[in-house]
Amino acid sequence: MILQGQAFEPFTREPIRLIGDGGEWLGPFDLDLEPARLRGFYTDMLLGRLVDERMTRLHRQGKTSFVAPSAGHEAAQVGLAHAVQPGHDWLYPYYRDVSLVLSFGVPLVEFVGQVMGTRADPAKARQMPYHPGSGDLNVFTVASPIASHIPAAVGTALAMKLAGKSQVVLCSFGDGATSEGDWHAGVNLAGAQGAPIVFACENNGYAISVDLKKQTGSDNIAVKGHAYGMPGYLVDGMDVLASYYVTREAVKRAREGVGPSLVELVVYRYGGHSSADDDSRYRPRQEVEAWRRRDPLARFRRFLERRGLWDDADEEQARAEGEARLDAAVAEAEAAGPAPLEWMFEDVYAEVPERLAKQREELDA
Amino acid sequence: MSLQTMAQAVAATLDSEMARDDSVLVIGEDVGKRGGVFLATDKLFEKYGPDRVIDSPLSEAAIIGAALGMAVYGFRPVAEIQFADYVFPGFDQLVSQVAKLRYRSGGAFTAPMVVRMPAGGGVRGGHHHSQNPDAHFVHTAGLKVVYPSTPSDAAGLLRAAIRDDDPVIVMEPKRLYRAVKEPVPEGDHVIPLGEAAVRREGDDVVLVSYGGSMAETMKAADALQEQGIGAHVLDLRSLQPWDEGAVLEAAARVGRVVLVSESPRMAGFMSEVSATIVEEVMDSLLAPPMRVTGFDVPYPYAQDREYMPSPNRILRAVERVLSY
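Residue numbers (the numbering used here), protein chains in the order written: chain A, 53 to 417; chain B, 10 to 333.
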């Protein structure tokens, strides 16, 4: 076992890092990931970045009403996704988790269909963009109210424990979510019941414009785990391998019935909160530029290059493949056509009640 | 058949549903060893253990949210909120998550769960132990709401709610928990959601009520009978869906309707019933429908009885529709 039975230290003062700025391996253990898997981490991150760019373009073209930029979060999200088992474990993501849900297996056309609100959205275009989900993959459909998914995530983890199938819930959220009552309600219940769940906080330092110092008096988010009876890990979320390995440890802990963990992934969002935000009102440009020099893709690319696992030709090819996949997904989502009127009245209840059927008739002129 | 109070009928129904279906479980504050503060989960903990009778932390958001997460996974949780007045910390869970899950996920995820809560006045509890927040729930698309008034209905509606594939709020009139005992059928005693019960037949005035106010409504009907006035009394039992057919048929036939609910009047459920009657059978009405409700004040402590519709207030409303 790669960690020789040694878990990462919880509650460190500095974020856990496994890749240095120059791409050097800093880990106190040997890597146990195959080259193909490492390259896969990178292409997953790259796809996330390309999706971000493409959706922003679609927004400018008027083909979607809203974008929640995720550039800067890719390493954290890809690390999280690879630490759990698609088809077995459950995700309870939040709206910025583009790379997380795509790396977990949500088909790109379903994501794009949801963003564009067409018939290609398997959830029938009921929610605003950036609210993906998948019944097939056990990806709980994203809801807007911050932290409102957290108590339910714990409930699913408790259900898994009852069912005895060694499954785990991975529940993610931003730093702002940790101020909500529902966050406390859920994390507290998980601690009290020893639920098999990993809480992942993608801390990008801002809840829209409010910075972390105004969000909490705590030194960081990870330290809050202490009060709930679970380890809290402070992790460099711009480091995909640190994100992956720490989460993998936390998942193992949950799967073996030891209990929940809180993983804080320190990241930065390069874009605004959303396409409706003007982040220049609250973030100095020097700060954004400083974080851009720590780009998670660039750092992991240097790591791969040092090991001879990536070069310019690979980069060019991966970008071309990603763009081609996006071309196809956007074309398919568009061709699916607009959401039909009937969808407005279905799925409120298992059966359409008579009262709703009558209200539907009001739309027939 | 055995003679049961409403609280006993609830506990017995939970017991039989848990015995029938392993996926049914109970979660709430004090539902375990204590058996619930009203004993509505009495002896379940001893029989089914802590995995299926879960004593939750003191957190309504955790109770309702966790129940949702278990329902999504395939269980059929019955959550208990100790008093309806305390549902509000969990209200966001109900409104944002539970009610909308089927819709917003396009049917990928559903919430077959029940949230039970003792509601209503008559126990001298002041506003934080007496409210009747039914209108909040019926206003939220995606929830079903039932409100029984008898032990037998409490059993039959709860059983229907547990077996339903949509989330159902079960409001239980706490002042009637131990008011009467009546024979409660066992086995598959199910009362379909959305069916009103005719409590008395009559041709002079229609009285429509539900939940705790049924007791006062029946007293008013008795008094009318002594005066030779025949009241047709409907117990709605379900508020969402509600039995429009039974109400409209009676309203059209009799032409005079009094609507009784102990919830506040402003935008209360009976306002919806009244509007529907006027929209659908205006031509058959002999008088405008009258509401007799709780007042638009926070539920008071000292005037616990006066707040609720009394038989006298109901009779005065009947006089007005008869003399219109």
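No residue lacks a Cβ here, since even glycine has one placed at the ideal position from N, Cα and C.
Check: With a threshold of 16 other CB atoms inside 10 Å of the CB of Glu-225/B, please say whether the residue is buried or exposed.; Outcome: buried
Check: What does the alpha-carbon distance come out to for the pair Leu-99/A and Arg-371/A?; Outcome: 8 Å
Check: In three-state DSSP terms, what is Leu-293/A?; Outcome: helix
Check: Tell me whether Met-53/A sits in a helix, a strand or coil according to DSSP, three-state version.; Outcome: Its pLDDT being 35, under 50, Met-53/A is placed unreliably in this model, and the value from its coordinates should be taken loosely. The answer is coil: DSSP assigns Met-53/A none of H, G, I, E or B.
Check: By the criterion of Cβ-Cβ separation under 8 Å, what are the contact partners of Ser-186/A in chain B?; Outcome: Ala-117
Check: Quick one: which chain E residues come within Cβ less than 9 Å of Gln-369/A?; Outcome: No chain E appears in this structure, whose protein chains are A and B.
Check: Can you check which of these residues, Arg-69/A, Ala-205/A and Tyr-147/A, is closest to Gly-131/A by C-alpha distance?; Outcome: Arg-69/A
Check: Can you name, in chain order, every residue of its own chain whose Cβ lies under 7 Å from the Cβ of Gln-26/B, other than the five neighbours on each side?; Outcome: Note that residue 26/B is Glu in the sequence shown here, rather than Gln. Once the five neighbours on either side are set aside, the close Cβ partners of Glu-26/B are Val-33, Arg-168 and Ile-171.
Check: So, at 7 Å on beta carbons, what are the nonlocal neighbours of Pro-318/B in its own chain, with the 5 sequence-adjacent residues on each side left out?; Outcome: Ser-222, Glu-225, Val-269, Glu-271, Val-301 and Thr-302
Check: What are the residues of the stretch 240 to 251 of chain A that lie near chain B, defined by any Cβ-Cβ distance shorter than 7 Å?; Outcome: Asn-240, Leu-241 and Ala-244
Check: Under 8 Å, Cβ to Cβ, is there at least one residue of chain B near Leu-210/A?; Outcome: yes
Check: Look at Ile-260/A and His-325/A and say whether their C-beta atoms are less than 8 Å apart.; Outcome: yes
Check: Please classify Gln-17/B as buried or exposed, where buried requires at least 16 other C-beta atoms within 10 Å of its C-beta.; Outcome: buried
Check: Ends of the beta strand (DSSP E) at Val-154/B?; Outcome: 153 to 155
Check: Alpha carbon to alpha carbon, how far is Asp-263/A from Phe-355/A? Give it in angstroms, no decimals.; Outcome: 31 Å
Check: Should Pro-181/A be flagged as near chain B, meaning a C-beta pair shorter than 8 Å?; Outcome: no
Check: Just to confirm the assignment: which complete alpha helix (DSSP H) runs, minimum length 4, are found wholly within the stretch 149 to 190 of chain A?; Outcome: 150 to 156 and 160 to 168
Check: Can you tell me the Cα-Cα spacing of Val-193/B and Val-400/A, whole angstroms?; Outcome: 33 Å
Check: Quick one: using the 10 Å Cβ neighbour count with 16 as the cut-off for buried, is Ser-196/A buried or exposed?; Outcome: exposed
Check: When you compare the CB of Val-207/B with every CB in chain A, is at least one pair closer than 8 Å?; Outcome: no
Check: Any beta carbon of chain A sitting closer than 8 Å to that of Pro-66/B?; Outcome: yes
Check: State the DSSP-derived secondary structure class of Trp-251/B, mapped to helix, strand or coil.; Outcome: coil
Check: What residue range is occupied by the uninterrupted alpha helix (DSSP H) comprising Trp-343/A?; Outcome: 337 to 344
Check: Determine, using beta carbons only, whether Val-103/A and His-111/A come nearer to each other than 8 Å.; Outcome: no
Check: Report the neighbours of Glu-30/B on chain A: residues whose CB is nearer than 8 Å to its CB, in chain order.; Outcome: Here residue 30/B turns out to be Asp, not Glu, going by the sequence shown. The premise fails here: Asp-30/B is roughly 14 Å from chain A at the closest Cβ pair, so nothing lies under 8 Å.
Check: Against chain A, does Asp-94/B count as a neighbour if the rule is that its beta carbon must be under 8 Å from one of theirs?; Outcome: no
Check: Going straight from the alpha carbon of Glu-181/B to that of Trp-395/A, what length do you get?; Outcome: 34 Å
Check: When you compare the CB of Thr-193/A with every CB in chain B, is at least one pair closer than 8 Å?; Outcome: yes
Check: Take the Cβ of His-145/B as the centre, count every other Cβ of all protein chains shown within 10 Å, and call the residue buried at 16 or more, exposed below.; Outcome: buried
Check: Can you list the residues of chain A that Gly-151/B reaches, using a CB-CB cut of under 8 Å?; Outcome: Val-400 and Tyr-401
Check: Grab the span of the beta strand (DSSP E) containing Asn-255/A for me, first residue to last.; Outcome: 249 to 255
Check: By Cβ distance below 8 Å, which residues in the same chain neighbour Pro-201/B in space, the five residues on each side in sequence not counted?; Outcome: Ala-169
Check: Using DSSP's beta-bridge definition, name the partner residues of Arg-325/B.; Outcome: Arg-325/B is not bridged to any residue.
Check: Quick check: the Cα distance between Tyr-156/B and Leu-248/B, rounded to an integer number of angstroms?; Outcome: 7 Å
Check: Under 8 Å Cβ-Cβ, which residues of chain A neighbour Arg-111/B?; Outcome: Asp-399, Val-400, Tyr-401 and Ala-402
Check: Return the Cβ separation of Val-62/B and Val-46/B in integer angstroms, given the expectation that the two are a contact with Cβ distance under 8 Å.; Outcome: Contact doesn't hold; Cβ gap of about 15 Å is too wide.
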